[in-house]
Amino acid sequence: MMDAKNIQKGAQAKIASTGQIVEVKRVSNHGFSVVRFQTGGDYMILNDRLETVERDEVQH
10 MMDAKNIQKG AQAKIASTGQ IVEVKRVSNH GFSVVRFQTG GDYMILNDRL
60 ETVERDEVQH
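Residue 44 in the working numbering sits at position 35 of the sequence shown, with consecutive numbering throughout.
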């Protein structure tokens with residue numbers, strides 16, 4: 010689970026349930042963020058559904 014303070018615009022995050030890596034486009038003070046999937050498309054997602062991405066996971 011990501012704390013909203015740790016979510017930054019332009020950062021990468023991982024969706025906890027699927028493991029998909031997404032880019033954070035916007036962060037809201039109301040508990041959700043707008044993320045962009047690598048396959049395309051921007052979606053709103055609750056911050057508690059996001060996890061931080063370990064640096065070595067991104068290199069694949």
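The beta carbon of each residue, even a glycine, is placed where N, CA and C say it ideally should be.
- Beta-bridge partners assigned by DSSP to LYS23: ILE30 and GLU60.
- Counted as a single uninterrupted DSSP element, the stretch harbouring SER37 is not any beta strand (DSSP E), since DSSP gives it neither H nor E.
- Under DSSP, ILE54 takes part in a beta bridge, and its partners are SER42.
- The C-alpha of GLN47 is placed about 15 Å away from the C-alpha of LEU59.
- Between VAL33 and THR27, the alpha-carbon positions lie close to 16 Å from each other.
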